[in-house]
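Encoded as structure tokens, the structure appears first; notes follow it.
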Amino acid sequence: MTLDRRIHEPASSATLVDLLDRVLDKGLVVAGDVSISLANVELLTIRIRLLVCSIDKAEQIGLNWWRNDSRLGGGDGDEIRRLQARVAELEKQLKAKGR
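Start counting the sequence shown at 0; every next residue gets the next number (numbering that gives the first Met the number 0).
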């Protein structure tokens, strides 16, 4: 008579935090179209594209529209351009002093 002495571990289950971490790290894309028609005449089409990921992942794939959107930053576009020009000027001055 032999005894089975293997350790039985419960099946691993991902917690909500693990799942959210994975989605934010890898990204999740949801795409779909909603169309409303009446008597075979299309009245309205809504295209839905949703990307869920972390800010770091979004910047890695080239999405950073929120950085220059004045509605999100609270300032106007002219102020942002003025500040960007000022930063560029200061960087140029630092490089000149570093020579």
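Just so you know, even glycine gets a beta-carbon here, dropped at the ideal spot from N, CA and C.
> Which partner residues of Leu43 appear in the DSSP bridge assignment?
Replying inline: Here the question's residue 43 lines up with position 44 in the sequence shown. Note: Leu43 is bridge-paired with Ile35 in the DSSP secondary-structure output.
> Counting Cβ pairs closer than 8 Å, one from the stretch 45–53 and one from the stretch 84–96, do we hit at least three?
Replying inline: Taking one beta carbon from each stretch, the stretch 45–53 and the stretch 84–96 have fewer than 3 pairs nearer than 8 Å; the two do not touch.
> From this set, Leu19, Arg46, Glu41, which residue's C-alpha is nearest Val29's C-alpha?
Replying inline: Reading the sequence shown from its first residue, position 30 is the one you call residue 29. For Val29, the nearest C-alpha among the options comes from Arg46.
> What three-state label does DSSP hand Val27 in the structure shown?
Replying inline: On the sequence shown, residue 27 is found 28 positions in, with the first residue counted as 1. The sequence given here has Leu at residue 27, not Val. Leu27: strand per DSSP, three-state reduction.
> Terminal residues of the continuous alpha helix (DSSP H) containing Ala57?
Replying inline: For this step, residue 57 is matched to residue 58 along the sequence shown. Per DSSP, Ala57 belongs to the alpha helix (DSSP H) from 54–59.
>> So the candidates are Ala95, Arg48, Glu78; which of them puts its Cα closest to the Cα of Gly31?
In response: Looking up residue 31 in the sequence shown gives position 32. If you compare the alpha carbons of Ala95, Arg48, Glu78 with that of Gly31, the shortest gap goes to Arg48.
>> By the three-class DSSP mapping on this structure, what secondary structure does Leu62 have?
In response: Residue mapping note: residue 62 aligns to position 63 of the sequence shown, counting from 1. Three-state result, Leu62: coil.
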